[in-house]
Amino acid sequence: MRILVISTLSDLREGVLAQLRDAGHDLVVVIPSMKTARERSDLSGFALFEGDSSCPGDWQRLIEGSEVVLHLAYSTSNAPECGAEPRHVLRQDSVFQTVEAIGRATPGPGMMIVASGPSSSPDDPSDASLIKDRLEHIARTVEDGQVALHFIRTHESDDILAALSEDARCERDEPSSAKTAHSEVDSEPACLALPLESILNDPEPSKTFKMLEAIASAGVHIVPFTSSAMYEVLRHRESLQFSRYVIMGDGAALLDIMTEDVIRTELLEPTLLEELVTCARGVSPRLSIYSERGMNLISDGSIPPLAEAAGILGVSENMIEGSLHDRPATRLFIQGPPAWVGRVQSVFTETWWKSGVIALLEYHPGLLGVLPPTADRSIGLQRIETLLGAPRRSSVVLVSSPLDAGLIEIYGQTWAFGPFADVMGRHATRRFPAESPLHGLLGDFLARQSRR
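Under our numbering, think of the first position of the sequence shown as 16, with each following residue one higher.
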């Protein structure tokens, strides 16, 4: 069962997530501070997302595809009393916003558990019952009774598992019409995401392309992803007819192969770009800095890219001079001598990365990529799935780098492919070394699809 856990770090007791995972559940955890979370060893290995209930779009995208939402809510009893709200407020109303987001999610979860913990014993006990009544009212209004709501007053894993078991019993007892609806959802086509380089560099490309065309004909959504420049993708357009879209910039944008339109999913805003550029220039004014906007690469100087970086940065025709930070960008590149780039990476790590403001990717020692913060976590691909209209919890994904490994958290089954297969941890149900022929894996996958 895929569970979205929303919690403050103070309420997230040690061992709770591990026990839920040991019970067989897949977890994605929303926390207020990634920096503080890194100080807790018990959170290592979990899919963490730094979120805020003031961003309803993020809330809804996270909720979509989750079967259960578990809200470990803290509360405060010193809120001012008013007619519309109880005095004892749970999580600054994020519980209520979460319930409302569930109503907009398609598909949405079938169950929400609100675990208020020891803080649910206010000076005025009537507040707790008032909160429960209001939650149930919102659930009935927004969800029309489609979401089972459980209100428990502990954060203990045993009580949470008991509530989950109750939901499982309800599923076994549901009418046949509801079971038919679930089976229709389960029969939706899978979404196969795989590295573009593995397709283009396969030793038997003709067999590989035939396999991919057959898989696409079977109704599977095939979405290649790559860090290469867009011109490299468009150069192989004729061979990629089995796919409409390519994920670019490690989840930062989606390229429509047919129209050449770029759909940005995550952006570095101008204010942040200016801070990053100013900091890098302080390390060395001789560094080459590029700002990626769609097909174009913006430079504020005439320093050419290194030869080994050209495949990532793009051809010279796409490079133009201008301001690096007057408009949002999908990626920022820092290029130069490895020692200087290393100093920039160290400063960026301490100042912005540890706070969860940016994501960093070292393409090679002389080229550093700065990405939006969610591009190296599952939410990046989940947003892309929303744009594609692909079903959540797809069947298979092949990954080829540690960055791409962050995209596998939302899948029920994972095939790890490439040199980093061993670092995928428990999420990879099958692992294949880089020497494995891609067309062989695709043939196995096609055979499995035909037996479904």
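All C-beta atoms, glycine included, are put in the ideal place defined by N, C-alpha and C. Just so it is clear, the structure is predicted and the values come from calculations on it, not from any experiment.
Whole angstroms is fine: what's the gap from residue i's alpha carbon to residue j's?
| i | j | result |
| --- | --- | --- |
| S81 | L19 | 6 Å |
| S361 | E54 | 19 Å |
| L209 | L227 | 11 Å |
| M334 | S306 | 10 Å |
| L283 | P239 | 23 Å |
| L42 | D271 | 31 Å |
| V162 | M126 | 5 Å |
| R296 | H454 | 46 Å |
| S254 | D276 | 18 Å |
| A94 | R259 | Below a pLDDT of 50, predicted positions are generally treated as unreliable, and A94, at 43, falls in that range; the measurement from the model is reported next regardless. If I take the Cα positions, the gap works out to 51 Å. |
| L176 | H40 | 10 Å |
| D315 | L287 | 17 Å |
| V83 | F61 | 17 Å |
| D246 | P124 | The question names Asp, but residue 246 is Tyr in the sequence shown. C-alpha separation (whole angstroms): 40 Å. |
| R308 | T113 | 33 Å |
| M16 | A116 | 20 Å |
| Y378 | A268 | 18 Å |
| D32 | I46 | Per the sequence shown, residue 32 should be read as Leu rather than Asp. Whole-angstrom Cα-Cα distance: 13 Å. |
| T169 | V44 | 18 Å |
| V261 | A229 | 18 Å |
| A462 | A233 | 11 Å |
| P388 | T241 | 18 Å |
| T274 | L27 | 46 Å |
| A248 | G357 | For the record, residue 248 in the displayed sequence is Val; it is not Ala. Cα to Cα, V248 sits roughly 29 Å from G357. |
| S172 | S56 | 18 Å |
| D459 | D217 | 16 Å |
| I278 | G30 | 40 Å |
| S221 | R342 | 42 Å |
| L87 | I237 | 37 Å |
| R250 | P353 | 30 Å |
Assign residue i to one of three DSSP states: helix, strand, or coil.
| i | result |
| --- | --- |
| R342 | coil |
| E199 | Low per-residue confidence applies at E199: pLDDT is 34, beneath 50, and the placement is therefore not dependable, though the value from the model is reported in the following sentence. Helix. |
| V277 | strand |
| M16 | coil |
| H86 | strand |
| E336 | strand |
| H379 | strand |
| L27 | coil |
| L472 | No answer is possible for residue 472: the residues shown for the chain start at 16 and end at 467. |
| P137 | Annotation note: pLDDT 47 at P137 (below 50); position unreliable, coordinate value reported separately. It is coil, neither helix nor strand. |
| V356 | helix |
| I237 | strand |
| R168 | coil |
| E247 | helix |
| V292 | helix |
| A390 | Per-residue confidence for A390 stands at a pLDDT of 46, beneath the threshold of 50, marking its modelled position as unreliable; no derived number is given. |
| Q256 | coil |
| I175 | helix |
| G384 | strand |
| D459 | helix |
| D41 | strand |
| A268 | strand |
| P47 | coil |
Out of the options, state which residue places its alpha-carbon closest to the alpha-carbon of residue i.
| i | options | result |
| --- | --- | --- |
| L386 | K369, P352, A344 | A344 |
| G235 | E171, E377, F257, S370 | One detail in the question is off: residue 235 reads as Val in this sequence, not Gly. With distances taken between Cα atoms, V235 lies closest to F257. |
| I373 | E290, S221, R308 | E290 |
| F224 | C206, R252, A354 | R252 |
| M49 | L42, L58, D41 | L58 |
| S22 | P220, S131, H379 | S131 |
| I214 | S180, L457, G357, S172 | L457 |
| E219 | A116, G351, V298, P452 | P452 |
| G351 | R308, R301, L461, S180 | R301 |
| S370 | F64, H165, C206, E29 | F64 |
| L207 | K222, D217, A462, A231 | A231 |
| G381 | P388, I349, T366 | I349 |
| A120 | I128, I78, L164, L85 | I78 |
| L35 | L179, I46, W355 | L179 |
| P285 | P353, L87, L347 | L347 |
Taking 8 Å as the limit between beta carbons, can you name the residues of its chain near residue i, skipping five residues before and five after?
| i | result |
| --- | --- |
| L375 | Q360, F363, T364, W368, L383, G384, V385, L386 |
| D37 | none |
| C294 | V359, V362, F363, T366 |
Apart from the five residues on each side of it in sequence, which residues of its chain come closer than 6 Å, Cβ to Cβ, to residue i?
| i | result |
| --- | --- |
| G337 | I313 |
| S191 | With a pLDDT of 39 at S191, under the threshold of 50, the predicted position of this residue should be treated as unreliable, and no value is reported. |
| I128 | L85, H165, A178 |
| M263 | L270 |
What residues in its chain sit with their C-beta under 7 Å from that of residue i, if we drop five residues either side in the sequence?
| i | result |
| --- | --- |
| V292 | I304, L339, H340 |
| D174 | I167 |
| T51 | L24 |
| W355 | V298, S299, L302 |
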